[in-house]
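The structure under discussion appears below in the form of structure tokens.
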Amino acid sequence: MERIAVLGAGSWGTALSIVLADNHHEVRLWGHRKELIQQINETHRNQKYLPDVELSDAIKGYTDLAEALNSVNIAVLAVPTKAIREVLQDVIKVIDHKLTIVHVSKGIEPDSLLRISEIIKEEVPEHLLQDVVVLSGPSHAEEVSLRQPTTVTSSSDNLEAAELIQDIFMNQHFRVYTNPDVIGVEIGGALKNIIALAAGITDGLGYGDNAKAALITRGLAEIARLGSIMGGNPLTFSGLTGIGDLIVTCTSVHSRNWRAGNLLGKGQKLEDVLENMGMVVEGVRTTKAAYQLAQKYEVKMPITEALYDVLFNDKEVKDAVDSLMARVKTHEMEDLVNISENRS
Ligand SMILES: NC(=O)C1=CN([C@@H]2O[C@H](COP(=O)(O)OP(=O)(O)OC[C@H]3O[C@@H](n4cnc5c(N)ncnc54)[C@H](OP(=O)(O)O)[C@@H]3O)[C@@H](O)[C@H]2O)C=CC1
Ligand SMILES: O=C(CO)COP(=O)(O)O
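What follows is the structure in structure tokens.
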């Protein structure tokens, strides 16, 4: 049994706390809102983020970060990407020993263009950092908290650390694989949210399954194109954290990214959609970061670029779809064409 701190008491932090408590670990769920943590401790429910599930006594809520991290060697970082630096800066003020940090967030930081494991290594000095592990895959909190079958991937530069986290989380409802390709895992997890926003938009516009299949397939192509150039293993994009997460996020009503896209497709304004969601929609910031990455690496990412225009340049959603369809003709598998041209 381990004592584990989960930092972030939103949907995902709470759902993962349930998995850890089921596995008989002592779970310290830290959140920055006093009322929410009080409610978790008094009613054993997280009314705002996962109202339908009762939390076990093994999950204790904390608002004091020092208390939550006292005598803890493993911390699960479950806050939105934009809050990661702030939380880490507070964490290093209150610890005096090495932590293994498991991050479960799906995003890329705009402008710095850093992946989350890179932000962690930038913020946490070596003498306080044991290992960094990313846990990612097709896993909506709503289903995980109901103990419905779910599969995810644990990834780290240190295989032993990835396996430790695999052991800690794995149970009969929550199956954990390992993958040493941290770059591919983080890029797949972050960029699928862009495609999910786009899939929500086409659904909101009233387009059908053909459009959705096209987005998933061509979306995966552009994620893999960028991710491979950044150093990810192309095979990772056909795994759980690639196509797996892309499918679940583009097709599930649980997805906040899909829901946000759906409302945009129905004509709502971005500010209104985000304000009413009440939960993080990571894909918006990630679209900006991916757009910048595409320029930096000179990679073609037409869906990301079209969505960028919708989100940040006020382009009409219908016009964005029209311009994607009217792009200059091209091969589906450009690499295959290059290989066969070289042979002849
Ligand atoms: N939900 C899911 O099914 C899954 C989510 N993820 C990823 O997990 C990450 C977290 O998402 P999720 O839990 O769903 O998001 P939610 O919006 O449900 O919850 C986010 C939580 O983080 C808190 N928070 C925000 N900023 C700070 C801060 N500066 N300091 C402390 N706490 C803060 C929020 O508090 P407040 O109430 O004050 O806003 C809230 O409790 C995202 O990157 C997401 O992509 C990954 C897999 C599945
Ligand atoms: O990452 C997720 C499922 O794997 C959650 O997706 P949303 O953030 O779109 O809800």
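Taking our numbering, I'd label the letters of the sequence shown as residues 757 to 1100.
All residues carry an ideal CB built from backbone N, CA and C; glycine is no exception.
- In this structure, the CA atom of G1017 is about 6 Å from the CA atom of A954.
- Rounded to the nearest angstrom, the gap between the Cα atoms of E1031 and D778 is 34 Å.
- Checking the DSSP bridge columns, you'll see H1010 has no partner listed.
- For R903, the three-state secondary structure derived from DSSP is coil.
- Using a Cβ distance threshold of 9 Å, V938 and R871 count as a contacting pair.
- Using a cutoff of 8 Å, the CB of W1014 does not count as near ligand 1, since none of the ligand's heavy atoms is closer than that.
- Beta-bridge partners assigned by DSSP to G956: none are found.
- K816 is bridged by DSSP to R784.
- Here the alpha carbon of M986 sits roughly 42 Å from the alpha carbon of E791.
- In this structure, the straight-line span from the alpha carbon of K1074 to that of M1081 is close to 11 Å.
- These are the residues, in chain order, with a beta carbon less than 6 Å from any non-hydrogen atom of ligand 1: G764, A765, G766, S767, W768, G769, G787, H788, R789, Y805, A834, V835, P836, T837, A839, E842, V843, V860, S861, K862, G863, S895, H896, A897, M1035, V1036 and E1038.
- Secondary structure of L971 (DSSP, three-state): helix.
- Taking C-beta atoms under 8 Å as the contact rule, E879 and L844 qualify, at a distance of about 4 Å.
- Looking at the DSSP output, A831 sits in a beta bridge with A761 and I857.
- Ranked by how close their Cα comes to the Cα of I774, the residues L806, T1086 and V828 have L806 in first place.
- Cβ contact annotation for L1019 (same chain, cutoff 7 Å, sequence separation greater than five): G960 and V1029, in chain order.
- For the 9 Å CB-CB criterion, W786 and L821 form a contact.
- Relative to ligand 2, D1001 has its C-beta within less than 8 Å of a heavy atom.
- Counted as a single uninterrupted DSSP element, the beta strand (DSSP E) harbouring V888 occupies residues L885 to S892.
- Taking 8 Å as the upper bound for CB-CB distance, R1041 and K838 are in contact here, some 6 Å apart.
- F930 is bridged by DSSP to T906.
- Using a cutoff of 8 Å, the CB of G944 does not count as near ligand 2, since none of the ligand's heavy atoms is closer than that.
- For the options S1079, E916, L971 and E758, the alpha carbon positioned closest to that of H781 is the one of E758.
- Rounded to the nearest whole angstrom, the CA to CA distance from P1058 to G983 is 15 Å.
- Its Cα nearest to that of G1039, the residue G944 stands out among G944, Y933, T973 and I924.
- A distance below 7 Å between beta-carbons, with the five flanking residues on each side excluded, links A1045 to the following residues of its chain, in chain order: I864, E865, P866 and L869.
- The residue from S912, H859, K849 and H896 with its alpha-carbon nearest to that of H883 is K849.
- Set against 8 Å, the gap from the CB of V832 to the closest heavy atom of ligand 2 is not smaller.
- Around the CB of G975, 16 or more other CB atoms lie within 10 Å, so the residue is classed as buried.
- Where D923 is concerned, the enclosing alpha helix (DSSP H) starts and stops at L915 to F925.
- Rounded to the nearest angstrom, the gap between the Cα atoms of R931 and D1070 is 42 Å.
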